[in-house]
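The structure appears below as structure tokens.
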Amino acid sequence: MPTESSAAPRGSLREEQKRSTRARIVETARELFATRGYSAVRVDDIAGAAGCSRATFYLHFPGKPEVLRAVAETGTLASVLMFYADLDRVLTTGSRDEFADWMTRAIGWFVANKDLLPAWDEATALEPEFRALARDGIMTLADHMPDYLSRWPADRRDEARLRIELLVAQLERFFTRWAMQGTIEVPAEQAAAVLTDIWFPALQAPSG
Numbered sequence: 001m002p003t004e005s006s007a008a009p010r011g012s013l014r015e016e017q018k019r020s021t022r023a024r025i026v027e028t029a030r031e032l033f034a035t036r037g038y039s040a041v042r043v044d045d046i047a048g049a050a051g052c053s054r055a056t057f058y059l060h061f062p063g064k065p066e067v068l069r070a071v072a073e074t075g076t077l078a079s080v081l082m083f084y085a086d087l088d089r090v091l092t093t094g095s096r097d098e099f100a101d102w103m104t105r106a107i108g109w110f111v112a113n114k115d116l117l118p119a120w121d122e123a124t125a126l127e128p129e130f131r132a133l134a135r136d137g138i139m140t141l142a143d144h145m146p147d148y149l150s151r152w153p154a155d156r157r158d159e160a161r162l163r164i165e166l167l168v169a170q171l172e173r174f175f176t177r178w179a180m181q182g183t184i185e186v187p188a189e190q191a192a193a194v195l196t197d198i199w200f201p202a203l204q205a206p207s208g
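135 is the number that full-length UniProt numbering gives to position 135 of the sequence shown; each next residue is one higher, with no gaps.
This is how it looks when you write it as structure tokens:
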């Protein structure tokens, strides 16, 4: 009969195996979504490439939207939240040069995540629950900019949030047309300069 001391390591081993399997599914899904998009990838594809059964996949995730969400939360979302927390710092400095540097780095972030963005867009268009996730994600960005929000009068905080949301929307749309569709032809440096001209004054809190 197993003792408490002998059962604990086996329990720990099972938990570690579960974590390892989940991480393998997430990483495999990331690779498949990046190379094939969202709609073309099936649960069976993810399970097979991860070396597990369909049943094992469903022990960890209810379906594709949830595994894509896990992909985002383990990398993409965390890094974008850091970017907007840093934008909060940059706007506090009041430095246009620092904002221009942030804009250059923001474009670089899109370049680094280019392969996964089409899958995110597909899922947003196809999955109602993923649209809610995308909406909540954008709203969360402003939550990571408390200093910026605090400089706006209480009755205009919604406007301050809207400005951040519109910044996000324009950056996403610009990148799609520039790097993925090729309908905007401009060097990244020039794009960053023009976007700085537009958004540095647009994000300034009202004086007084």
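Note that beta-carbon positions come from the ideal geometry of N, C-alpha and C, so glycine has one too.
Quick caveat, the model's predicted, so the values are computed rather than measured.
Other residues of its chain near residue i: CB distance less than 6 Å, five sequence neighbours each side excluded
{"i": "Ser-5", "result": "At Ser-5, the pLDDT of 49 sits below 50, so the modelled position is not reliable and the matter cannot be decided from this model."}
{"i": "residue 222", "result": "Past the edges of the chain, shown from 1 to 208, lies residue 222, and the structure says nothing about it."}
Of the listed residues the options, nearest to residue i (C-alpha basis)
{"i": "Ile-123", "options": "Glu-27, Ala-23, Val-41 and Arg-19", "result": "Residue identity check: residue 123 is Ala in the sequence provided, not Ile. Closest by alpha carbon: Val-41."}
{"i": "Thr-176", "options": "Phe-110, Ala-34, Arg-135 and Arg-105", "result": "Phe-110"}
{"i": "Ala-50", "options": "Pro-62, Glu-129, Glu-66 and Leu-32", "result": "Leu-32"}
{"i": "Ala-193", "options": "Leu-87, Asp-155 and Trp-102", "result": "Trp-102"}
Residue range of the unbroken alpha helix (DSSP H) whose run includes residue i
{"i": "Arg-135", "result": "128–143"}
{"i": "Trp-199", "result": "188–202"}
{"i": "Glu-165", "result": "157–175"}
{"i": "Phe-61", "result": "Taken as a continuous stretch (DSSP letters only), Phe-61 belongs to no alpha helix (DSSP H), as it is neither H nor E."}
{"i": "Arg-96", "result": "96–112"}
{"i": "Thr-92", "result": "77–93"}
Residue j beta carbon less than 8 Å from that of residue i
{"i": "Val-71", "j": "Arg-30", "result": "yes"}
{"i": "Arg-116", "j": "Thr-74", "result": "Looking at the sequence provided, one finds Leu at residue 116 rather than Arg. No, they are not a contact pair."}
{"i": "Ala-191", "j": "Ile-107", "result": "yes"}
{"i": "Leu-68", "j": "Ala-132", "result": "no"}
Other residues of its chain near residue i: CB distance less than 8 Å, five sequence neighbours each side excluded
{"i": "Thr-140", "result": "Leu-81"}
{"i": "Arg-161", "result": "Met-139, Ala-142 and Leu-149"}
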